[in-house]
Structures are given as C-alpha cells and as structure tokens.
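Position 165, counted from 1, in the sequence shown is what this note's numbering calls 964; the numbers after and before it change by one each time, with no gaps. Below you'll find the structure, written out as structure tokens, and then a few comments.
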Amino acid sequence: MLGTVTWALAFVLIFSGAMAQESETQGEQQSHTVFKPVLPADPPANGFANDSKAKPMKVRIYPLYDALPKGGKWIIAVELQIGFGWHVNANPANPDFLVPTELKLKSEQKVKLLKVKYPEAHELKVDGFEEPYHVYDGKVLLYGLLEVDPNETAEVADVEFHVAFQGCNSKECLPPDLIVMKGPLKLAAAGTEPRKINAEKWPKPDKEKQPAEAN
800 MLGTVTWALA FVLIFSGAMA QESETQGEQQ SHTVFKPVLP ADPPANGFAN DSKAKPMKVR
860 IYPLYDALPK GGKWIIAVEL QIGFGWHVNA NPANPDFLVP TELKLKSEQK VKLLKVKYPE
920 AHELKVDGFE EPYHVYDGKV LLYGLLEVDP NETAEVADVE FHVAFQGCNS KECLPPDLIV
980 MKGPLKLAAA GTEPRKINAE KWPKPDKEKQ PAEAN
C-alpha cells in the first residue's frame, strides 16, 4: 500500500499519476500572482518581518490544478527565489542549531498541509566550523501535499502559506524572518476532474525509479 512506502517515494507516485493524464491542451497557465505577500498577523518576536528592509528571498505559489476537489489530496509547488550572494538554511538544518526553512499553511477553511518535500541541500563550508552548513540558494522548489475536507462547504479557500527562514551572506546573518503569501484556492465538488496548470513547475517522473507495484 502507498502508506508503507517512504515520503519521497509517495511523491514520485503522486507525480506519476498527475503527469500521466497530461493532455496537449492544458489551457492557460494560472499566474502565481494571485498570491500576494502580506504582513503576518503574528510577526516574529524580533519584529524584523515588519520593518522596511528588503528581504533576501521572494516566494511564489504554483498550484498544480485550477481547483481542488473536496475529499482529495492535491499537490502545490512553492518556489523560493533567493537573492544573489544570499543563502537560507536547509530543512532539515545542519548543524541542527540553525533555523531551518519551513513551510506551513493557515486557512479558515478545512484545508490542511499534510506533508512538505524539501529540496536537496548543498554544503557550504564556513570558517571556524568543521561541519559544513546545509543551505539553499538561487531558485529552489518545495512541494506540499494539501488535503481538502470532504465536508467543507466553501467554494473558495482563503489560504496563507507561511515560509519561515533565515537569510545569510558572507558577512552577516539576518534575524529569523517570515514571508506570508495569501491568496485563494478554488474548491470543487468531490469527484470533479480538475484541469492541470503550471505544468512546467512539476518534475517529470523517473520511470526507472518507480516500483512495478507498491504492496
């Protein structure tokens, strides 16, 4: 059963099912710009998220489907664009005293973030530390698995994606920070066949790495 395979393998299987039905006419791509950055209602205690300094990272949200049928589990991509010369700590963080990059979801509707697949980190050698830091830089993608409660009655879920991180460069580390992206996710009746969008953000499954059968 799928529940017995690892989280990484589960994502491969989900991607395989999602991409196998891809047609030649996917329709127009849904812009990530429906999600806008907002100040968090509960900012970090250090207050950095509320000041006027430009953040070293931008966040974009890309749903895989134009609507999320109720009672199902659906994938979403979160793109982190980290400024040149900057990096953020990976998840899991290494060394473990560092603040990891972390994705969470908040919604008044019955939509939950079940799992997050974080990208592979690369190692950064830091003077004075024998153990290399694990970091992200440039452009990286996180993948989240959303679940919509079958009893949800709303037609649209207003959701907030919270990305906690700490930006560092060769000279300094900024205080831990938070980016909140707020926007709507359309909901659909159970059993509805949603239309795929943003296909360019989704990795093609590697058939050689997929098991012939998951028992």
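Just so it is clear, CB atoms sit at the ideal spot from N, CA and C, and this is done for glycine as well. From a predicted model like this one, the values you see are computed outputs, not experimental measurements.
| task | Could you give the DSSP three-state label for alanine 747: helix, strand or coil? | result | Because the chain is modelled from 800 through 1014, residue 747 falls outside the range shown and cannot be assessed.
| field | Three-way DSSP call (helix, strand, coil) for glutamate 999 in this model | value | helix
| field | Strand pairing of leucine 904, partner residues [DSSP] | value | Phe960
| Quick one: what's got a C-beta closer than 6 Å to proline 862's C-beta in the same chain, skipping five residues either side? | Ile875
| Contacting residues, own chain, Cβ-Cβ under 8 Å from valine 925 (five flanking each side not counted) | Pro931 and Tyr932
| said: Does leucine 838 pass the burial test, meaning 16 or more other C-beta atoms within 10 Å, or should it be called exposed? | reply: exposed
| request: With a threshold of 16 other CB atoms inside 10 Å of the CB of lysine 869, please say whether the residue is buried or exposed. | output: buried
| request: With DSSP as the reference, please indicate the residues paired to alanine 987 in a beta bridge. | output: Pro868
| request: Can you grab the Cα-Cα spacing for the pair valine 858 / glycine 927, in whole Å? | output: 32 Å
| Applying the criterion that 16 or more other CB atoms from any shown protein chain within 10 Å of the CB defines a buried residue, is lysine 916 buried or exposed? | buried
| Whole-Å CB distance - leucine 945 paired with valine 910, under 8 Å assumed | 6 Å
| said: Looking only at its chain, what residues have a beta carbon closer than 8 Å to the beta carbon of glutamate 951, apart from the 5 residues adjacent to it on each side? | reply: Lys869, Gln908, Lys909, Val910 and Leu986
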